[in-house]
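Chains as they are written, first to last, in the numbering used here: chain X, 1 to 489; chain W, 1 to 97.
Note that the Cβ used here is the ideal one computed from N, Cα and C, for glycine as well.
Keep in mind it's a predicted model, so treat the numbers as computed, not measured.
Input: a single structure, listed below in structure tokens.
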């Protein structure tokens with residue numbers, strides 16, 4: 001049996017029944033990584049072989065006397081490298097944190113550690129999660145497993161590529177403007193951005209605090225529900241985490257239809273710039289929802305066209321503030337040049353940050369600076385309210401919104417690297433849900449003629465991940481897309 | 001909005017970023033292009049629209065002020081570039097006299 005091909009659910013079942021040992025799981029994934037990682041380059045840090053095997057052996061030994069398992073026990077996961085792992089370096093894809101080993105676990109990792117999961121490694125990302133292609137990593141780009149010349153998407157490109165390449169059974173990413181959904185679409189896997197506040201951000205290195213959210217990247221929708229069950233819930237260590245009831249999300253994926261659900265198709269998501277193959281695939285998916293008993297209607301979200309401008313004002317403003325902490329004093333990189341304190345700050349930041357991070361810090365500092373604050377930051381926050389209100393109004397009429405995740409399939413490495421604005425525009429369909437703080441999932445809905453995956457996005461009301469998951473799962477079950485796997489060459 | 005070289009220098013100073021001479025023109029060009037795109041927001045009427053700073057509709061979150069275990073000095077300074085006797089060490093900021 002090829003363990004690395006299994007879904008999280010399948011691997012959990014085998015392990016719970018005692019049909020496979022933790023050691024067998026660890027060995028299978030170490031083997032898989034040794035076969036494909038040099039091509040995909042999904043990881044910044046891989047757990048060394050001896051450590052991983054020792055952890056697995058310890059699990060097997062403890063179970064020998066008393067077989068009591070937990071859902072994530074021995075499950076081999078990959079974690080985006082901006083999520084703090086106690087004692088395991090967390091670089092954020094930056095020279096600034098190249099040697100930073102956090103002295104504590106993020107809340108999501110603390111939970112998984114209680115289950116005794118297996119950390120396979122920390123995955124590549126655009127530096128500080130700022131980017132849409134994983135090319136802005138100080139450690140070099142990750143490749144798309146479906147075509148090694150293409151980007152895996154970003155910023156959680158390493159996590160999405162690792163799942164697509166079967167280098168892990170599931171992964172965690174973070175999403176600020178599409179950083180889970182867009183790479184999931186590029187790599188043909190399932191990526192869920194939960195409602196803002198659903199999952200604790202404690203220990204997630206801050207980029208834009210009002211938008212950041214941790215979520216699962218998985219092979220199936222059911223796996224996404226299983227992971228969300230473990231991650232969701234209030235946390236005293238994150239005051240923005242929501243004290244909302246957490247349902248059993250796996251119940252939502254058991255239904256095989258979307259009967260009694262109203263699905264809206266926002267016409268602004270099907271305008272110029274949308275690739276014809278993507279449009280065709282998404283339109284077919286919408287027809288499939290009709291077959292599954294859903295009531296489909298066209299809706300309008302006119303403020304969609306302002307979303308990117310709004311997002312890049314707010315996200316860069318928050319980033320410039322959050323990244324002020326990297327000053328070469330408390331942790332991280334410090335420039336070696338002899339200098340006074342101010343020069344030390346300036347040189348440290350000049351040498352420690354890459355070009356995209358500097359660009360965003362500059363933009364954010366500018367829109368917050370005296371004389372421009374109201375025109376940019378204040379204005380963008382008001383437009384954010386308009387965008388939220390439109391969603392609230394549309395969600396009075398429909399339960400879910402169905403759109404493309406990305407206007408095109410994955411583009412080529414280098415294609416948009418010299419043109420930051422073009423790179424930003426590739427986030428056009430994912431950004432609105434981030435600004436409104438609503439849950440959204442991306443799952444495969446077809447392949448281009450060149451064999452690249454196409455992503456379908458489903459958005460829902462705040463804290464209604466269950467409906468989002470139900471629709472996504474019904475569609476996934478009714479189609480065969482997930483059975484197609486990349487051949488890595 | 002056009003952002004010229006002197007504004008690039010000003011913003012870099014505010015952001016505590018040293019910027020090389022060769023980086024200034026590309027920054028000026030790229031930032032101007034992006035800000036021009038952002039300027040489209042100016043066309044929208046947002047009079048009387050409240051601002052959204054966060055989607056979580058909460059004001060204050062309170063907790064009991066109870067002591068709990070925290071990082072030791074050693075743990076908290078373990079990642080620092082330079083320390084001395086449990087303190088973070090930085091270049092001198094005061095003159096001798």
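Ranges of the alpha helix (DSSP H) found wholly within the region 12-85 of chain W, counting only runs of at least 4: Segments of the alpha helix (DSSP H) lying fully in the region 12-85 of chain W: 21-38 and 73-77.
Backbone secondary structure at residue 366 (chain X) - three-state DSSP: If DSSP states are grouped into helix, strand and coil, residue 366 (chain X) belongs with the helices.
Assigned secondary structure, residue 17 (chain X) (DSSP; H/G/I helix, E/B strand, else coil): Collapsing the DSSP output to three states places residue 17 (chain X) in coil.
Cα-Cα separation, residue 430 (chain X) to residue 69 (chain X): Cα-Cα distance, rounded: 37 Å.
Neighbourhood of residue 288 (chain X) by C-beta distance below 8 Å, restricted to the same chain and skipping five residues each side: Contacts found: 475, 478 and 479.
CB contact below 8 Å: residue 341 (chain X) versus chain W: Chain W places a beta carbon closer than 8 Å to that of residue 341 (chain X), counting this residue as a contact.
Three-state secondary structure assigned by DSSP to residue 459 (chain X): In the displayed model, residue 459 (chain X) falls within a strand according to three-state DSSP.
Test item: CB-CB of residue 180 (chain X) and residue 201 (chain X) under 8 Å: No, the pair does not count as a contact, with Cβ atoms beyond the cut-off.
Neighbouring residues, chain W, relative to residue 344 (chain X) (Cβ below 9 Å): Close partners of residue 344 (chain X) in chain W (Cβ separation under 9 Å): 90 and 91.
Neighbour list for residue 306 (chain X) in chain W, Cβ cutoff strictly below 8 Å: What residue 306 (chain X) touches in chain W: 40, 41 and 44.
Strand pairing of residue 440 (chain X), partner residues [DSSP]: As computed with DSSP, residue 440 (chain X) is found in a beta bridge with X:193 and X:459.
With 16 other Cβ atoms within 10 Å as the buried cut-off, status of residue 328 (chain X): Of the other Cβ atoms in all chains shown, 16 or more fall within 10 Å of the Cβ of residue 328 (chain X); this residue is therefore buried.
Chain W contact for residue 239 (chain X) (CB, 8 Å cutoff): At least one chain W Cβ lies under 8 Å of residue 239 (chain X).
Within chain X, the residues that residue 52 (chain W) reaches when beta carbons sit closer than 7 Å: Under a criterion of Cβ atoms nearer than 7 Å, the residues of chain X adjacent to residue 52 (chain W) are, in order, 381, 384, 385 and 388.
Residue 126 (chain X) beta carbon less than 8 Å from that of residue 113 (chain X): Cβ distance not < 8 Å, so residue 113 (chain X) and residue 126 (chain X) don't count as in contact.
Every unbroken alpha helix (DSSP H) within the region 322-384 of chain X, with a cutoff of 4 residues, ordered by chain: As far as the region 322-384 of chain X is concerned, its whole alpha helix (DSSP H) runs of at least 4 residues are 341-352 and 355-368.
Residue 27 (chain W): contacting residues in chain X (beta-carbon distance under 9 Å): By Cβ distance, chain X contributes 358, 359 and 362.
Range covered by the beta strand (DSSP E) that runs through residue 250 (chain X): It is not in any beta strand (DSSP E) - residue 250 (chain X) instead sits in the alpha helix (DSSP H) that spans 249-252.
Other residues of its chain near residue 98 (chain X): CB distance less than 6 Å, five sequence neighbours each side excluded: Result list for residue 98 (chain X): 91, in chain order.
Interface residues of the region 199-211 of chain X facing chain W [CB-CB below 7 Å]: Correct list: 210.
Buried/exposed call for residue 347 (chain X), threshold 16 Cβ in 10 Å: With 16 or more Cβ atoms within 10 Å of its Cβ, residue 347 (chain X) is classed as buried.
Meets three-Cβ-pair contact criterion under 8 Å: the region 183-192 of chain X and the region 405-413 of chain X: Counting Cβ pairs under 8 Å, three or more are found: they touch.
Chain W contact for residue 310 (chain X) (CB, 8 Å cutoff): Closer than 8 Å to some Cβ of chain W, the Cβ of residue 310 (chain X) qualifies, so yes.
Residue 299 (chain X), DSSP secondary structure in three states: In the structure shown, residue 299 (chain X) sits in a strand (DSSP, three-state: E or B).
At least 3 beta-carbon pairs within less than 8 Å: the region 114-123 of chain X vs the region 41-48 of chain X: Between the region 114-123 of chain X and the region 41-48 of chain X, the count of C-beta pairs closer than 8 Å reaches three or more; the two stretches touch.
Short Cβ contact (8 Å threshold) for residue 468 (chain X) with residue 265 (chain X): Contact: no.
Extent of the continuous beta strand (DSSP E) to which residue 403 (chain X) belongs: Membership of residue 403 (chain X) in the beta strand (DSSP E) is indicated by the continuous run 400-404.
Rounded Cβ spacing between residue 382 (chain X) and residue 46 (chain W) (contact assumed at less than 8 Å): Indeed, because the Cβ distance is near 4 Å, the residues count as touching under 8 Å.
Under 8 Å between C-beta atoms of residue 323 (chain X) and residue 128 (chain X): Contact: yes.
Paired residues, beta bridge with residue 412 (chain X) - DSSP: Partner(s): X:150.
Residue 114 (chain X) - DSSP class collapsed to helix/strand/coil: In the three-state DSSP reduction, residue 114 (chain X) falls in the helix class (H, G or I).
Any C-beta of chain X under 8 Å from that of residue 153 (chain W): This structure cannot speak to residue 153 (chain W), because chain W is shown only from 1 to 97.
Of the listed residues X:175, X:450, X:277 and X:296, nearest to residue 267 (chain X) (C-alpha basis): If we check each option's Cα against that of residue 267 (chain X), X:296 comes out closest.
Alpha-carbon to alpha-carbon, residue 75 (chain X) and residue 6 (chain X): Note on geometry: alpha-carbon atoms of residue 6 (chain X) and residue 75 (chain X) lie some 11 Å from one another.
In DSSP terms, what residue 446 (chain X) is bridged to: Per DSSP, X:454.
Contact list for residue 196 (chain X) against chain W, beta-carbon separation under 7 Å: Residues of chain W passing the Cβ test: 55 and 56.
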